[in-house]
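Protein sequence lines correspond, in order, to chains A and B. So for the first sequence, the working numbering puts the first residue at 4; every next one is plus one. So for the second sequence, the working numbering puts the first residue at 143; every next one is plus one. Ideal Cβ placement from N, Cα and C applies to all residues, glycine included.
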Amino acid sequence: MIETIHNWLYSIMPEGVASITEMVLIATAYLALFALAGLYLVYFERKVAAWFQLRLGPNRVGPFGLFQTMADALKLVSKELTTNDRIDKLLYNLAPYFVIVAALIALAVLPFSKQFQAFDINIGIFFLLAVSSMGVIGILLGGWASNNKYALIGAIRSGIQTISYELSVGLSLLTMVLLTGSLQLSEIIEVQRTGGWLILQGHIPAVIAFMIFMIAGTAETNRAPFDLVEAESELGAGFHTEYSGMKFAYFFLAEFINMFIIASIAVVVFFGGWLSPFGITDEITWFPQFIWFFIKVLGIIFLMMWFRWTFPRLRVDQLLTLEWKYLLPINLVNMVLMAIIIWLNLTL
Amino acid sequence: MEPTVKSNIKTEEYFINMGPQHPATHGVLRLMLTIDGEIIKNVEPDLGYIHRSIEKMCERDSYQQIVHLTDRMDYLSSHINNEAVCLVVEKALEIEVPERVKVIRTIIGELTRIASHCLWWGVMGMDVGALTTYFYAFRDRELINDIFEETCGARLTMNYNIPGGLMFDIHPNFVNRTKEFIAHFKTKIPEYDRLLTGNVIFQKRTKGIGVLSPEDAISFGASGPVARGSGVNCDIRKIHPYSAYDLVKFEESLQTNGDCLARYNVRIQEMWQSLSIIEQLIDNIPEGDIKVATKAVIKLPKGEYYQRVETARGELGCYVNSTGTKNPYRFKFRSPGLSNLGVINSLATGSKIGDLVAIMSTIDIVVPDIDR
Chain A
4 MIETIHNWLY
14 SIMPEGVASI
24 TEMVLIATAY
34 LALFALAGLY
44 LVYFERKVAA
54 WFQLRLGPNR
64 VGPFGLFQTM
74 ADALKLVSKE
84 LTTNDRIDKL
94 LYNLAPYFVI
104 VAALIALAVL
114 PFSKQFQAFD
124 INIGIFFLLA
134 VSSMGVIGIL
144 LGGWASNNKY
154 ALIGAIRSGI
164 QTISYELSVG
174 LSLLTMVLLT
184 GSLQLSEIIE
194 VQRTGGWLIL
204 QGHIPAVIAF
214 MIFMIAGTAE
224 TNRAPFDLVE
234 AESELGAGFH
244 TEYSGMKFAY
254 FFLAEFINMF
264 IIASIAVVVF
274 FGGWLSPFGI
284 TDEITWFPQF
294 IWFFIKVLGI
304 IFLMMWFRWT
314 FPRLRVDQLL
324 TLEWKYLLPI
334 NLVNMVLMAI
344 IIWLNLTL
Chain B
143 MEPTVKSNIK
153 TEEYFINMGP
163 QHPATHGVLR
173 LMLTIDGEII
183 KNVEPDLGYI
193 HRSIEKMCER
203 DSYQQIVHLT
213 DRMDYLSSHI
223 NNEAVCLVVE
233 KALEIEVPER
243 VKVIRTIIGE
253 LTRIASHCLW
263 WGVMGMDVGA
273 LTTYFYAFRD
283 RELINDIFEE
293 TCGARLTMNY
303 NIPGGLMFDI
313 HPNFVNRTKE
323 FIAHFKTKIP
333 EYDRLLTGNV
343 IFQKRTKGIG
353 VLSPEDAISF
363 GASGPVARGS
373 GVNCDIRKIH
383 PYSAYDLVKF
393 EESLQTNGDC
403 LARYNVRIQE
413 MWQSLSIIEQ
423 LIDNIPEGDI
433 KVATKAVIKL
443 PKGEYYQRVE
453 TARGELGCYV
463 NSTGTKNPYR
473 FKFRSPGLSN
483 LGVINSLATG
493 SKIGDLVAIM
503 STIDIVVPDI
513 DR
């Protein structure tokens, strides 16, 4: 079908216009898909929270409450945008777009299956890290421009946190890149077709890297137990205290899309991306491989939700201690270990 | 040697309002914080946002009416507050209530304490960021509320004690349901421990945070779990037993560290002790009357009377100055919350904003009790 549309587009308009139209179409499809995915992650989160907390969760709007988050989104879209006076108008209005755009750009390189990937660039992992760390600018701007002390504290905390944990995310992924020998996401997955999932290849540093990646990744997305940015019992709502309506929704949606991205990276680098477990569907050509990808991503996301609804929150200095005194040194040693293993061609 | 950094950038402390509308203050308490970055330099509580002049209203009301005002003070210990007023009136009138009344009052009081500590535990978890505790605690607290609802008809501002005894007898289901609750709750406190107490992050957040020395506890007049966390013996149920507390065996839960974790542990232990007290009494509620007849208009003899009880938060004292009329000349409550709140500045100064929330939570503030 995609082929048909492609040919049709090129047949009715000149080549340049056709390729631009095609890009716009793809981008729109992605946006729609991930707005929807974000909404259903919110639904999933609410259901998971309810299961953990002896509640039922949303179950009134639509079957099993499936339309609840849709209704919430509609409500947010139609809501009046209230602001306090004396905000920095330009920055205040710009901030949510930074956050949501940073989250959405990262989606472009995620390999959902062999065919289902918008851009397969050769520095995929680097691109993901670079783009997803852009979101913090939006948070800082939002907190600063809100003219609210709670928002400011939240934003500053966010800056500290993201910059610190970026290092751990980067280093733990770098450890794995040593093993795969490539930054290209599709190639990282292909490596795992023959050797098995990287986490199961029997390298201890890979397991350590995965643990560190999960901790740092949770911190990157500002989720509990690292949700100091919006610590509701300390700061009200943190950096988005002064945001309402759709602008708030952007922040909210971005958090869930970021969670999806972190989980996706984990799946690609550690759990074989779209590859099926034990190759059970590898021979079936019509089987949509991206189903495996989404199942694995949901598993990782469930783990992150499990963290959130079980653990208390860290204090801001403990957060930094954890990163700079424990995770970072362990990570560096871990990377050297991995390098030695590969150099000596050992299996440890 | 102090590192010296020459810089033209000036830093300054800033002022921030925590409350009166803030999720961490559990009510309309306003804390005026002076903050240097994340570090708290000064905390100044500002009271009065929910002041209803209950003490002044007492001067207008009859003694039976005063009882109903007290459950609006510390709404989590309403039965115990009511009991305090009843006890002081009975003391002044020199009425000896039947044994049955004493035992039922004690059981109801201990159930109230468990319910209050349940709510505290849930909110404590929430304040340090673990939201799930709240729902676990409320599951168990609901059972106590159901028991109360059956017996006295209300779930929050409960009235059951009257001067001279009880309004009416306990519900026929009361004994069975209380026993069911004890069996149920005994399996749940270990669950609480597994979920929160043993958690590394929780331990880090509370151990060594907000240390209150025994001397400070005494000089601030702190009472209840706040003082007992610092090792001060102040359990009124032990020192000056009232109702049926002289009939039962229980330990005063004491910790010596004085930090947030110590106060936390005191309350967890108190839940166990309360269970044991109820267990000792629930099977031997004596038969007999449920009230001593009092006159329709109670007039206390001229003089001053004082009675104190141990609520879930500490020592509640009721002082009555009577001139022999049907209204008190002066009715003064010594509420535990106000004295306990006094320690907050000395505990929180120098700690982080996150610590302040944990400290507030372990002091267990109920704002209507502070403001009255």
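So, are the CB atoms of residue i and residue j less than 8 Å apart?
{"i": "P305 of chain B", "j": "I440 of chain B", "result": "yes"}
{"i": "C200 of chain B", "j": "F473 of chain B", "result": "yes"}
{"i": "T398 of chain B", "j": "G373 of chain B", "result": "yes"}
{"i": "Y100 of chain A", "j": "T86 of chain A", "result": "no"}
{"i": "T24 of chain A", "j": "M16 of chain A", "result": "yes"}
{"i": "F119 of chain A", "j": "L186 of chain A", "result": "no"}
{"i": "M307 of chain A", "j": "M249 of chain A", "result": "no"}
{"i": "A222 of chain A", "j": "Q292 of chain A", "result": "no"}
{"i": "V172 of chain A", "j": "F216 of chain A", "result": "yes"}
{"i": "V272 of chain A", "j": "M179 of chain A", "result": "yes"}
{"i": "T533 of chain B", "j": "W312 of chain A", "result": "Coverage of chain B is limited to positions 143 through 514, which leaves residue 533 of chain B absent and any answer about it impossible."}
{"i": "T299 of chain B", "j": "D216 of chain B", "result": "no"}
{"i": "L188 of chain A", "j": "P114 of chain A", "result": "yes"}
{"i": "A272 of chain B", "j": "F314 of chain A", "result": "yes"}
{"i": "V230 of chain B", "j": "Q449 of chain B", "result": "yes"}
{"i": "V434 of chain B", "j": "V239 of chain B", "result": "yes"}
{"i": "K78 of chain A", "j": "S247 of chain A", "result": "no"}
{"i": "R514 of chain B", "j": "I196 of chain B", "result": "yes"}
{"i": "G492 of chain B", "j": "V368 of chain B", "result": "no"}
{"i": "G352 of chain B", "j": "D497 of chain B", "result": "yes"}
{"i": "S464 of chain B", "j": "G479 of chain B", "result": "no"}
{"i": "V112 of chain A", "j": "I124 of chain A", "result": "yes"}
{"i": "I424 of chain B", "j": "R242 of chain B", "result": "no"}
{"i": "L131 of chain A", "j": "I260 of chain A", "result": "no"}
{"i": "Y471 of chain B", "j": "A234 of chain B", "result": "no"}
{"i": "H259 of chain B", "j": "M413 of chain B", "result": "yes"}
{"i": "I192 of chain A", "j": "G127 of chain A", "result": "no"}
To the nearest whole angstrom, what separates the beta carbons of residue i and residue j, a pair I think is in contact under 8 Å?
{"i": "H168 of chain B", "j": "V265 of chain B", "result": "7 Å"}
{"i": "K518 of chain B", "j": "R160 of chain A", "result": "Residue numbering for chain B in the displayed model covers 143 to 514; residue 518 of chain B lies beyond these limits and cannot be assessed."}
{"i": "P208 of chain A", "j": "L340 of chain A", "result": "5 Å"}
{"i": "L483 of chain B", "j": "I501 of chain B", "result": "Actually they do not touch by this definition, with Cβ atoms about 11 Å apart."}
{"i": "A490 of chain B", "j": "I182 of chain B", "result": "5 Å"}
{"i": "H206 of chain A", "j": "I344 of chain A", "result": "6 Å"}
{"i": "L261 of chain B", "j": "H326 of chain B", "result": "In fact, because the Cβ distance is near 17 Å, the residues do not count as touching under 8 Å."}
{"i": "G157 of chain A", "j": "G241 of chain A", "result": "3 Å"}
{"i": "K152 of chain A", "j": "I378 of chain B", "result": "Actually they do not touch by this definition, with Cβ atoms about 42 Å apart."}
{"i": "S175 of chain A", "j": "N334 of chain A", "result": "6 Å"}
{"i": "G390 of chain B", "j": "E225 of chain B", "result": "Correcting the residue type first, residue 390 of chain B is Val in the shown sequence and not Gly. So it is not a contact: roughly 16 Å between Cβ atoms."}
{"i": "I505 of chain B", "j": "I486 of chain B", "result": "7 Å"}
Judging by CA-CA distance, which residue of the options is the nearest neighbour of residue i?
{"i": "L525 of chain B", "options": "B:G496, B:R202, B:Y471 and B:C402", "result": "What the structure shows of chain B is the stretch from 143 to 514, and residue 525 of chain B is not part of that stretch, so it cannot be assessed."}
{"i": "R476 of chain B", "options": "B:S418, B:I286, B:T465 and B:S365", "result": "B:S365"}
{"i": "L42 of chain A", "options": "A:D75, A:F67, A:M16 and A:G60", "result": "A:D75"}
{"i": "T320 of chain B", "options": "B:R283, B:D335, B:L458 and B:R172", "result": "B:R283"}
{"i": "G302 of chain A", "options": "A:V270, A:P332 and A:V134", "result": "A:V270"}
{"i": "A438 of chain B", "options": "B:Y205, B:K346, B:L171 and B:E180", "result": "B:Y205"}
{"i": "E236 of chain B", "options": "B:L442, B:N303 and B:Y334", "result": "B:L442"}
{"i": "N358 of chain B", "options": "B:Q345, B:G400 and B:K233", "result": "Residue identity differs from the one stated: residue 358 of chain B is Asp in this sequence, not Asn. Minimum Cα distance to D358 of chain B is reached at B:G400."}
{"i": "L396 of chain B", "options": "B:R370, B:R281, B:I343 and B:I419", "result": "B:R370"}
{"i": "E322 of chain B", "options": "B:R194, B:D288 and B:V342", "result": "B:D288"}
{"i": "M509 of chain B", "options": "B:Q207, B:N469 and B:P165", "result": "One detail in the question is off: residue 509 of chain B reads as Val in this sequence, not Met. Closest option to V509 of chain B, Cα to Cα, is B:P165."}
{"i": "G430 of chain B", "options": "B:D311, B:S418 and B:S416", "result": "B:D311"}
{"i": "K244 of chain B", "options": "B:E292, B:I420 and B:V499", "result": "B:I420"}
For residue i, return the contacting residues in chain D, with the cut-off set at a CB-CB distance below 9 Å.
{"i": "P187 of chain B", "result": "Of the protein chains in this structure, namely A and B, none is chain D."}
inquiry  = Within 8 Å, do at least three Cβ pairs link the segment 369 to 384 of chain B to the segment 327 to 334 of chain B?
reply    = no
key: Stretch pair the segment 28 to 48 of chain A + the segment 241 to 250 of chain B: three plus CB contacts closer than 8 Å   = no
task = Taking only runs that begin and end inside the segment 458 to 493 of chain B, name each unbroken beta strand (DSSP E) of 3 or more residues, in chain order.
result = 472 to 476
request  = Jot down the residue ranges of each uninterrupted alpha helix (DSSP H) in the segment 117 to 158 of chain A, minimum 4 residues, whole runs only, in chain order.
outcome  = 127 to 135 and 138 to 148
ask   = Could you give the uninterrupted runs of the alpha helix (DSSP H) lying entirely in the segment 208 to 286 of chain A, keeping only those of 4 residues or more?
value = 235 to 238 and 248 to 273
query = Counting pairs of beta carbons, one from the segment 42 to 54 of chain A and one from the segment 264 to 271 of chain A, are three or more of them closer than 8 Å?
reply = no
task = Counting only runs of 4+ residues fully inside the segment 292 to 356 of chain B, write out the alpha helix (DSSP H) ranges in chain order.
result = 316 to 334 and 342 to 348
query = Could you give the uninterrupted runs of the alpha helix (DSSP H) lying entirely in the segment 151 to 219 of chain B, keeping only those of 4 residues or more?
reply = 196 to 202 and 205 to 212
task = Return the chain-ordered ranges of every beta strand (DSSP E) run that is complete within the segment 414 to 457 of chain B and spans a minimum of 3 residues.
result = 445 to 452
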